[in-house]
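Residue numbers (mature numbering (1 follows the signal peptide of the UniProt record, and there is no 0)): -20 to -1, 1 to 429.
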(Lines of atoms letter the chains of each structure in order from A and count residues from 1; the text may use other names and numbers.)
(Lines give C-alpha, C1' and ligand atoms only; values in the text may rest on other atoms or scores of the structure.)
Protein backbone atom coordinates (compact mmCIF):
# COMPACT_ATOMS: atom_id res chain seq x y z
CA UNK A 1 0.00 0.00 0.00
CA UNK A 2 2.86 2.38 0.85
CA UNK A 3 4.50 1.67 -2.52
CA UNK A 4 1.20 2.35 -4.31
CA UNK A 5 0.82 5.65 -2.48
CA UNK A 6 4.44 6.43 -3.27
CA UNK A 7 3.88 5.82 -6.97
CA UNK A 8 0.78 8.03 -7.06
CA UNK A 9 2.52 10.83 -5.21
CA UNK A 10 5.64 10.53 -7.32
CA UNK A 11 3.56 10.98 -10.49
CA UNK A 12 1.79 13.97 -8.95
CA UNK A 13 5.08 15.54 -7.92
CA UNK A 14 6.44 14.98 -11.43
CA UNK A 15 3.47 16.88 -12.90
CA UNK A 16 3.98 19.72 -10.47
CA UNK A 17 7.71 19.86 -11.23
CA UNK A 18 6.86 20.63 -14.86
CA UNK A 19 6.12 24.15 -13.60
CA UNK A 20 8.97 25.99 -11.95
CA UNK A 21 6.53 27.74 -9.63
CA UNK A 22 3.43 25.64 -8.90
CA UNK A 23 0.26 27.69 -8.62
CA UNK A 24 -1.44 27.99 -5.23
CA UNK A 25 -4.28 25.81 -6.49
CA UNK A 26 -1.75 23.10 -7.36
CA UNK A 27 -0.22 23.31 -3.90
CA UNK A 28 -3.65 22.90 -2.33
CA UNK A 29 -4.42 20.02 -4.74
CA UNK A 30 -1.27 18.22 -3.61
CA UNK A 31 -2.33 18.60 0.01
CA UNK A 32 -5.80 17.28 -0.85
CA UNK A 33 -4.33 14.23 -2.59
CA UNK A 34 -2.01 13.48 0.33
CA UNK A 35 -4.96 13.79 2.71
CA UNK A 36 -7.10 11.55 0.51
CA UNK A 37 -4.39 8.89 0.45
CA UNK A 38 -4.11 9.26 4.25
CA UNK A 39 -0.34 9.41 3.99
CA UNK A 40 0.40 11.37 7.13
CA UNK A 41 3.54 13.45 7.16
CA UNK A 42 3.95 13.28 10.96
CA UNK A 43 4.21 9.81 12.55
CA UNK A 44 4.93 10.73 16.17
CA UNK A 45 5.03 13.77 18.46
CA UNK A 46 7.07 14.24 21.63
CA UNK A 47 5.90 17.03 23.94
CA UNK A 48 8.23 18.09 26.76
CA UNK A 49 6.75 19.89 29.78
CA UNK A 50 8.97 21.69 32.29
CA UNK A 51 8.48 23.41 35.63
CA UNK A 52 8.45 26.69 33.73
CA UNK A 53 5.41 25.53 31.74
CA UNK A 54 3.28 26.21 34.80
CA UNK A 55 3.94 29.92 34.53
CA UNK A 56 4.67 30.54 30.85
CA UNK A 57 2.50 27.81 29.23
CA UNK A 58 5.36 26.95 26.87
CA UNK A 59 6.40 23.43 25.87
CA UNK A 60 8.97 21.93 23.53
CA UNK A 61 8.04 19.63 20.65
CA UNK A 62 9.95 17.10 18.55
CA UNK A 63 8.34 15.65 15.43
CA UNK A 64 9.00 12.37 13.69
CA UNK A 65 8.16 12.74 10.00
CA UNK A 66 8.00 10.27 7.17
CA UNK A 67 8.76 10.41 3.46
CA UNK A 68 6.31 8.49 1.22
CA UNK A 69 8.43 9.19 -1.87
CA UNK A 70 11.22 7.25 -3.57
CA UNK A 71 13.22 10.48 -3.58
CA UNK A 72 14.89 12.21 -0.64
CA UNK A 73 12.69 14.84 1.02
CA UNK A 74 14.01 17.82 3.00
CA UNK A 75 11.72 19.85 5.26
CA UNK A 76 12.76 23.49 5.69
CA UNK A 77 9.84 24.88 7.68
CA UNK A 78 6.51 23.85 9.08
CA UNK A 79 3.36 25.49 10.41
CA UNK A 80 1.14 23.36 12.64
CA UNK A 81 -2.17 23.70 14.45
CA UNK A 82 -2.81 20.75 16.78
CA UNK A 83 -5.59 19.76 19.14
CA UNK A 84 -8.36 17.25 19.74
CA UNK A 85 -11.93 16.98 18.50
CA UNK A 86 -11.47 19.98 16.23
CA UNK A 87 -10.34 22.34 19.00
CA UNK A 88 -6.78 23.67 18.78
CA UNK A 89 -4.64 23.43 21.91
CA UNK A 90 -1.39 24.63 20.39
CA UNK A 91 0.03 26.06 17.19
CA UNK A 92 3.45 27.04 15.97
CA UNK A 93 5.46 28.19 12.95
CA UNK A 94 9.03 26.97 12.80
CA UNK A 95 11.89 27.30 10.36
CA UNK A 96 14.44 24.59 10.99
CA UNK A 97 17.98 25.71 11.70
CA UNK A 98 18.93 22.23 10.56
CA UNK A 99 16.42 21.08 7.93
CA UNK A 100 14.90 17.62 8.36
CA UNK A 101 16.42 15.30 5.77
CA UNK A 102 14.20 12.27 5.22
CA UNK A 103 15.55 9.36 3.16
CA UNK A 104 13.34 7.78 0.49
CA UNK A 105 10.46 5.87 2.11
CA UNK A 106 12.06 6.56 5.48
CA UNK A 107 11.58 8.63 8.61
CA UNK A 108 13.57 11.32 10.45
CA UNK A 109 13.31 13.31 13.65
CA UNK A 110 13.19 17.08 13.84
CA UNK A 111 15.27 19.31 16.03
CA UNK A 112 13.75 20.49 19.27
CA UNK A 113 11.06 23.10 18.62
CA UNK A 114 11.08 25.30 21.71
CA UNK A 115 8.62 27.81 23.16
CA UNK A 116 5.47 26.31 21.68
CA UNK A 117 2.48 28.03 23.31
CA UNK A 118 -0.37 26.08 24.92
CA UNK A 119 -3.35 28.16 23.83
CA UNK A 120 -5.56 27.42 26.86
CA UNK A 121 -2.74 26.92 29.36
CA UNK A 122 -1.19 23.89 31.01
CA UNK A 123 -4.15 23.06 33.25
CA UNK A 124 -6.50 22.58 30.31
CA UNK A 125 -3.76 20.79 28.37
CA UNK A 126 -3.36 18.18 31.11
CA UNK A 127 -6.91 16.99 30.41
CA UNK A 128 -6.01 15.74 26.93
CA UNK A 129 -2.73 14.04 27.84
CA UNK A 130 -4.40 10.73 28.85
CA UNK A 131 -5.65 10.38 25.25
CA UNK A 132 -2.07 9.81 24.09
CA UNK A 133 -2.76 11.37 20.70
CA UNK A 134 -3.06 14.74 19.00
CA UNK A 135 -4.97 15.68 15.88
CA UNK A 136 -3.07 17.85 13.42
CA UNK A 137 -5.81 20.22 12.33
CA UNK A 138 -3.67 21.95 9.73
CA UNK A 139 -0.12 21.56 8.47
CA UNK A 140 1.61 23.83 5.99
CA UNK A 141 5.10 22.74 5.08
CA UNK A 142 7.93 23.88 2.83
CA UNK A 143 9.90 20.97 1.43
CA UNK A 144 12.52 20.25 -1.19
CA UNK A 145 12.01 17.11 -3.23
CA UNK A 146 14.94 15.19 -4.63
CA UNK A 147 17.56 16.78 -2.42
CA UNK A 148 20.86 14.99 -1.90
CA UNK A 149 21.93 14.82 1.73
CA UNK A 150 19.76 17.87 2.33
CA UNK A 151 21.34 19.93 -0.43
CA UNK A 152 19.41 21.23 -3.41
CA UNK A 153 16.15 19.69 -4.52
CA UNK A 154 13.04 21.26 -5.95
CA UNK A 155 11.31 23.58 -3.45
CA UNK A 156 7.65 22.86 -2.99
CA UNK A 157 5.18 24.38 -0.49
CA UNK A 158 2.37 22.05 0.56
CA UNK A 159 -0.68 23.44 2.38
CA UNK A 160 -3.77 22.15 4.07
CA UNK A 161 -2.49 18.81 5.36
CA UNK A 162 -4.31 17.29 8.30
CA UNK A 163 -4.06 14.12 10.38
CA UNK A 164 -6.02 12.53 13.21
CA UNK A 165 -4.82 10.49 16.13
CA UNK A 166 -1.07 11.04 15.83
CA UNK A 167 0.64 9.10 18.62
CA UNK A 168 2.00 11.55 21.19
CA UNK A 169 4.38 11.03 24.09
CA UNK A 170 4.47 13.51 26.96
CA UNK A 171 7.61 13.87 29.06
CA UNK A 172 8.24 15.92 32.17
CA UNK A 173 11.55 17.61 32.93
CA UNK A 174 11.57 18.25 36.64
CA UNK A 175 15.16 19.01 37.66
CA UNK A 176 15.83 17.41 41.04
CA UNK A 177 13.10 14.91 41.89
CA UNK A 178 14.77 13.23 44.87
CA UNK A 179 16.00 15.32 47.79
CA UNK A 180 17.24 12.63 50.19
CA UNK A 181 17.95 8.90 50.20
CA UNK A 182 17.95 6.52 53.15
CA UNK A 183 19.76 3.26 52.46
CA UNK A 184 19.68 0.36 54.91
CA UNK A 185 22.17 -2.49 54.94
CA UNK A 186 21.41 -5.68 56.88
CA UNK A 187 23.40 -8.75 57.87
CA UNK A 188 21.88 -10.55 54.87
CA UNK A 189 23.39 -7.93 52.54
CA UNK A 190 26.73 -9.66 53.07
CA UNK A 191 25.48 -12.71 51.16
CA UNK A 192 22.69 -11.44 48.89
CA UNK A 193 23.93 -7.89 48.11
CA UNK A 194 20.40 -6.56 48.62
CA UNK A 195 19.59 -3.34 50.49
CA UNK A 196 16.46 -1.35 51.32
CA UNK A 197 15.96 2.20 50.08
CA UNK A 198 13.56 4.94 51.13
CA UNK A 199 13.72 8.34 49.46
CA UNK A 200 12.15 11.76 49.79
CA UNK A 201 10.71 13.17 46.57
CA UNK A 202 9.82 16.79 45.93
CA UNK A 203 7.15 18.34 43.74
CA UNK A 204 8.08 21.71 42.18
CA UNK A 205 4.60 22.11 40.66
CA UNK A 206 1.60 23.87 42.13
CA UNK A 207 -0.55 20.84 41.45
CA UNK A 208 -0.42 17.35 42.94
CA UNK A 209 2.10 14.87 41.50
CA UNK A 210 1.79 11.09 41.89
CA UNK A 211 4.71 8.72 41.28
CA UNK A 212 3.75 5.28 39.94
CA UNK A 213 7.19 3.86 39.21
CA UNK A 214 10.90 4.63 39.37
CA UNK A 215 13.77 3.22 37.34
CA UNK A 216 17.27 4.44 38.14
CA UNK A 217 20.88 3.50 38.68
CA UNK A 218 22.65 5.09 41.63
CA UNK A 219 26.35 5.40 42.23
CA UNK A 220 29.18 7.89 42.32
CA UNK A 221 31.43 9.59 39.77
CA UNK A 222 29.74 7.84 36.87
CA UNK A 223 30.03 4.32 38.30
CA UNK A 224 26.80 2.52 39.16
CA UNK A 225 26.55 0.74 42.49
CA UNK A 226 22.81 0.18 43.04
CA UNK A 227 20.07 -0.62 40.52
CA UNK A 228 16.41 0.12 41.20
CA UNK A 229 13.36 -0.76 39.09
CA UNK A 230 10.23 -0.39 41.20
CA UNK A 231 6.50 -0.02 40.67
CA UNK A 232 4.80 1.33 43.77
CA UNK A 233 2.00 -0.80 45.22
CA UNK A 234 0.83 2.42 46.85
CA UNK A 235 1.80 5.32 44.56
CA UNK A 236 3.77 8.17 46.11
CA UNK A 237 1.45 11.17 46.33
CA UNK A 238 3.34 14.48 46.56
CA UNK A 239 1.30 17.58 47.42
CA UNK A 240 1.75 20.77 45.40
CA UNK A 241 5.17 22.32 46.10
CA UNK A 242 5.66 19.69 48.82
CA UNK A 243 7.56 16.50 49.58
CA UNK A 244 6.67 12.88 50.36
CA UNK A 245 8.45 9.71 51.42
CA UNK A 246 8.52 6.73 49.09
CA UNK A 247 8.31 4.15 51.85
CA UNK A 248 10.68 1.18 51.98
CA UNK A 249 11.74 -0.33 48.68
CA UNK A 250 13.22 -3.73 49.47
CA UNK A 251 15.64 -5.95 47.54
CA UNK A 252 17.56 -3.20 45.76
CA UNK A 253 20.61 -4.84 44.21
CA UNK A 254 24.16 -3.64 44.89
CA UNK A 255 25.50 -4.27 41.41
CA UNK A 256 29.16 -4.32 42.48
CA UNK A 257 28.62 -6.09 45.80
CA UNK A 258 28.76 -4.87 49.37
CA UNK A 259 32.54 -4.61 49.66
CA UNK A 260 32.80 -2.18 46.75
CA UNK A 261 29.75 -0.28 47.94
CA UNK A 262 31.28 0.33 51.38
CA UNK A 263 33.99 2.40 49.70
CA UNK A 264 31.52 5.12 48.67
CA UNK A 265 29.54 5.28 51.92
CA UNK A 266 31.93 7.83 53.54
CA UNK A 267 30.99 10.41 50.89
CA UNK A 268 27.43 10.61 52.26
CA UNK A 269 25.92 11.16 48.81
CA UNK A 270 24.71 9.19 45.80
CA UNK A 271 24.43 10.28 42.19
CA UNK A 272 21.43 9.27 40.09
CA UNK A 273 23.03 8.24 36.83
CA UNK A 274 19.88 8.17 34.70
CA UNK A 275 16.53 6.49 34.52
CA UNK A 276 12.88 7.42 34.36
CA UNK A 277 9.71 7.72 36.40
CA UNK A 278 6.07 7.31 35.46
CA UNK A 279 4.09 10.09 37.11
CA UNK A 280 0.63 11.64 36.99
CA UNK A 281 0.32 15.41 37.17
CA UNK A 282 -2.83 16.99 38.55
CA UNK A 283 -4.02 13.89 40.41
CA UNK A 284 -6.40 14.26 43.34
CA UNK A 285 -5.38 12.27 46.41
CA UNK A 286 -3.42 10.00 44.09
CA UNK A 287 -6.35 9.34 41.74
CA UNK A 288 -6.36 10.28 38.06
CA UNK A 289 -4.11 12.95 36.65
CA UNK A 290 -2.25 13.30 33.36
CA UNK A 291 0.25 10.47 32.79
CA UNK A 292 3.75 11.78 32.07
CA UNK A 293 7.18 10.21 31.91
CA UNK A 294 10.17 11.81 33.57
CA UNK A 295 13.19 10.86 31.48
CA UNK A 296 16.94 11.36 31.83
CA UNK A 297 16.64 11.24 35.60
CA UNK A 298 20.11 12.47 36.51
CA UNK A 299 21.08 14.13 39.79
CA UNK A 300 24.48 14.64 41.36
CA UNK A 301 25.21 14.54 45.06
CA UNK A 302 21.86 13.51 46.53
CA UNK A 303 22.33 13.54 50.35
CA UNK A 304 22.22 9.94 51.56
CA UNK A 305 21.99 8.41 55.02
CA UNK A 306 23.40 4.91 55.38
CA UNK A 307 21.99 2.72 58.16
CA UNK A 308 23.28 -0.64 59.34
CA UNK A 309 20.46 -2.84 60.64
CA UNK A 310 21.53 -5.77 62.78
CA UNK A 311 19.50 -8.00 65.08
CA UNK A 312 21.95 -8.10 67.98
CA UNK A 313 25.13 -6.29 68.89
CA UNK A 314 25.75 -7.25 72.54
CA UNK A 315 26.21 -10.90 73.54
CA UNK A 316 26.89 -10.43 77.28
CA UNK A 317 26.79 -7.66 79.88
CA UNK A 318 28.76 -7.24 83.09
CA UNK A 319 27.36 -4.80 85.68
CA UNK A 320 29.23 -3.99 88.88
CA UNK A 321 27.58 -2.43 91.91
CA UNK A 322 29.86 -0.93 94.56
CA UNK A 323 29.32 0.39 98.05
CA UNK A 324 29.43 3.89 96.63
CA UNK A 325 26.47 3.10 94.40
CA UNK A 326 24.25 3.53 97.46
CA UNK A 327 25.11 7.21 97.63
CA UNK A 328 26.09 8.23 94.09
CA UNK A 329 23.77 6.01 92.06
CA UNK A 330 26.59 5.00 89.69
CA UNK A 331 27.59 1.55 88.48
CA UNK A 332 30.28 0.18 86.17
CA UNK A 333 29.34 -1.71 83.03
CA UNK A 334 31.11 -3.70 80.35
CA UNK A 335 29.85 -5.86 77.53
CA UNK A 336 30.87 -8.23 74.80
CA UNK A 337 30.21 -6.89 71.32
CA UNK A 338 29.60 -9.37 68.51
CA UNK A 339 30.09 -8.71 64.81
CA UNK A 340 27.62 -10.54 62.54
CA UNK A 341 29.37 -9.28 59.38
CA UNK A 342 32.23 -10.86 57.48
CA UNK A 343 34.04 -7.53 57.47
CA UNK A 344 35.71 -5.81 60.40
CA UNK A 345 33.43 -3.59 62.49
CA UNK A 346 34.73 -0.67 64.55
CA UNK A 347 32.59 1.02 67.24
CA UNK A 348 33.34 4.68 67.88
CA UNK A 349 30.51 5.32 70.33
CA UNK A 350 27.52 3.63 71.90
CA UNK A 351 24.38 4.69 73.75
CA UNK A 352 22.43 2.20 75.83
CA UNK A 353 19.21 2.10 77.77
CA UNK A 354 18.90 -1.20 79.64
CA UNK A 355 16.35 -2.63 82.05
CA UNK A 356 13.68 -5.30 82.25
CA UNK A 357 10.07 -5.62 81.14
CA UNK A 358 10.14 -2.27 79.40
CA UNK A 359 11.44 -0.34 82.42
CA UNK A 360 14.82 1.35 81.98
CA UNK A 361 17.16 0.89 84.95
CA UNK A 362 20.48 2.19 83.60
CA UNK A 363 21.37 4.41 80.67
CA UNK A 364 24.57 5.89 79.28
CA UNK A 365 26.28 7.45 76.25
CA UNK A 366 29.91 6.59 75.74
CA UNK A 367 32.54 7.54 73.17
CA UNK A 368 35.46 5.15 73.13
CA UNK A 369 38.88 6.70 73.62
CA UNK A 370 40.24 3.74 71.73
CA UNK A 371 37.58 2.58 69.26
CA UNK A 372 36.34 -0.95 69.73
CA UNK A 373 37.61 -3.13 66.87
CA UNK A 374 35.53 -6.27 66.33
CA UNK A 375 36.94 -8.84 63.89
CA UNK A 376 34.71 -10.35 61.18
CA UNK A 377 32.14 -12.70 62.75
CA UNK A 378 33.95 -12.27 66.07
CA UNK A 379 33.51 -10.68 69.49
CA UNK A 380 35.46 -8.25 71.67
CA UNK A 381 35.02 -6.89 75.17
CA UNK A 382 34.34 -3.19 75.63
CA UNK A 383 36.31 -2.90 78.84
CA UNK A 384 34.86 -1.12 81.85
CA UNK A 385 32.64 1.91 81.37
CA UNK A 386 32.56 3.73 84.69
CA UNK A 387 30.03 6.09 86.21
CA UNK A 388 26.96 4.69 84.50
CA UNK A 389 23.95 6.33 86.20
CA UNK A 390 20.95 4.43 87.52
CA UNK A 391 17.67 5.58 86.04
CA UNK A 392 15.67 3.96 88.84
CA UNK A 393 16.60 3.37 92.48
CA UNK A 394 19.27 0.89 93.54
CA UNK A 395 16.54 -1.20 95.12
CA UNK A 396 14.81 -1.52 91.75
CA UNK A 397 18.04 -2.75 90.20
CA UNK A 398 18.73 -5.22 92.99
CA UNK A 399 15.25 -6.64 92.56
CA UNK A 400 16.08 -8.01 89.11
CA UNK A 401 19.64 -9.23 89.78
CA UNK A 402 18.41 -12.79 90.34
CA UNK A 403 17.08 -12.98 86.75
CA UNK A 404 20.61 -12.88 85.35
CA UNK A 405 19.52 -10.87 82.32
CA UNK A 406 18.97 -7.34 81.07
CA UNK A 407 16.90 -6.18 78.15
CA UNK A 408 18.51 -3.63 75.86
CA UNK A 409 15.60 -1.26 75.34
CA UNK A 410 17.39 1.10 72.98
CA UNK A 411 20.91 0.85 71.58
CA UNK A 412 22.52 3.32 69.25
CA UNK A 413 26.05 3.23 67.95
CA UNK A 414 28.32 4.94 65.47
CA UNK A 415 30.25 2.23 63.68
CA UNK A 416 32.56 1.80 60.71
CA UNK A 417 32.13 -1.29 58.57
CA UNK A 418 35.05 -2.65 56.60
CA UNK A 419 37.71 -0.90 58.67
CA UNK A 420 41.25 -2.31 58.72
CA UNK A 421 42.71 -2.61 62.22
CA UNK A 422 40.27 0.09 63.31
CA UNK A 423 41.27 2.53 60.57
CA UNK A 424 38.89 3.81 57.91
CA UNK A 425 35.75 1.94 56.98
CA UNK A 426 32.26 3.03 55.97
CA UNK A 427 30.50 5.05 58.70
CA UNK A 428 27.03 3.90 59.74
CA UNK A 429 24.60 4.78 62.48
CA UNK A 430 22.91 1.94 64.33
CA UNK A 431 19.76 3.25 66.00
CA UNK A 432 16.76 1.86 67.82
CA UNK A 433 18.29 -1.59 68.33
CA UNK A 434 16.44 -3.72 70.89
CA UNK A 435 17.61 -6.99 72.43
CA UNK A 436 15.71 -9.02 74.99
CA UNK A 437 17.23 -11.25 77.63
CA UNK A 438 20.92 -10.47 77.22
CA UNK A 439 22.88 -12.65 79.71
CA UNK A 440 24.19 -10.38 82.47
CA UNK A 441 26.72 -10.94 85.22
CA UNK A 442 25.85 -8.80 88.24
CA UNK A 443 28.72 -8.20 90.67
CA UNK A 444 27.71 -7.02 94.12
CA UNK A 445 29.88 -5.60 96.92
CA UNK A 446 31.06 -8.19 99.43
CA UNK A 447 29.32 -8.16 102.82
CA UNK A 448 32.53 -6.91 104.45
CA UNK A 449 32.87 -3.89 102.13
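Each residue gets a CB set at the ideal place from its N, CA and C atoms; glycine is no exception.
Owing to the predicted nature of the structure, the values given are computational and were not obtained by experimental measurement.
Check: If you run the structure through DSSP and keep just helix, strand and coil, what is residue 277?; Outcome: coil
Check: Using a threshold of 8 Å, state whether the C-beta atoms of residue 57 and residue 74 are closer than that.; Outcome: yes
Check: On the premise that residue 343 lies in contact with residue 440, defined as a C-beta separation below 8 Å, what is that separation, rounded to the nearest angstrom?; Outcome: A question about residue 440 goes unanswered here, because the residues of the chain that appear run from -20 up to 429.
Check: Over the uninterrupted alpha helix (DSSP H) stretch that includes residue 104, give me the two end residues.; Outcome: 101 to 106
Check: Assuming residue 218 and residue 183 are in contact, meaning their beta carbons sit under 8 Å apart, how far apart are those beta carbons, in whole angstroms?; Outcome: 4 Å
Check: What does residue 286 pair with, by DSSP beta-bridge criteria?; Outcome: 163
Check: Out of 275, 263 and 19, which one is the CA nearest neighbour of residue 493?; Outcome: Any answer about residue 493 is impossible in this case: the structure gives the chain only from -20 up to 429.
Check: Looking at the strands, I want to know which residues DSSP matches up with residue 153.; Outcome: 30
Check: Starting from residue 170 and walking both ways along the beta strand (DSSP E), at which residues does that stretch end?; Outcome: Looking at the DSSP string, residue 170 is not in any beta strand (DSSP E); the run it does join, the alpha helix (DSSP H), is 169 to 172.
Check: How would you write the range of the alpha helix (DSSP H) that residue 305 sits in, first residue to last?; Outcome: 305 to 308
Check: What three-state label does DSSP hand residue 35 in the structure shown?; Outcome: helix
Check: Whose CA, out of 202, 266 and 248, lies closest to the CA of residue 212?; Outcome: 266
Check: Nearest by alpha-carbon distance to residue 442: which of 193, 216, 255 and 146 is it?; Outcome: One cannot answer for residue 442 here, as it falls past the ends of the chain, which runs -20 to 429.
Check: Identify whether residue 302 lies in helix, strand or coil by the three-state DSSP scheme.; Outcome: coil
Check: Start and end of the alpha helix (DSSP H) containing residue 376?; Outcome: 374 to 378
Check: Would you mind giving the Cβ-Cβ distance between residue 54 and residue 79, rounded to the nearest angstrom? I have them listed as a contact below 8 Å.; Outcome: 5 Å
Check: Looking at residue 321: is its Cβ nearer than 8 Å to the Cβ of residue 387?; Outcome: no
Check: Which of the three DSSP states, helix, strand or coil, is assigned to residue 19?; Outcome: coil
Check: So, is residue 175 buried or exposed, given that buried needs 16 or more other C-beta atoms within 10 angstroms?; Outcome: buried
Check: Considering residue 241, what are the terminal residues of the alpha helix (DSSP H) in which it resides?; Outcome: 237 to 242
Check: Use the C-beta contact count for residue 132: other C-beta atoms within 10 angstroms, 16 or more gives buried, fewer gives exposed.; Outcome: exposed
Check: Between which residues of its own chain and residue 117 is the CB-CB distance below 8 Å, once the five residues before and five after are set aside?; Outcome: 61, 62, 63, 66, 68 and 142
Check: Using a 10 Å radius around the Cβ and a threshold of 16 neighbouring Cβ atoms, would you call residue 35 buried or exposed?; Outcome: exposed
Check: Going by C-alpha to C-alpha distance, which of 167, 88, 246 and 152 sits closest to residue 32?; Outcome: 152
Check: Nearest to residue 287 by CA position, among 413, 205, 224 and 351, is which residue?; Outcome: 413
Check: Report back the beta-carbon spacing between residue 406 and residue 242 to the nearest angstrom; my notes put them in contact at under 8 Å.; Outcome: 4 Å
Check: Are residue 373 and residue 277 close, meaning C-beta to C-beta below 8 Å?; Outcome: no
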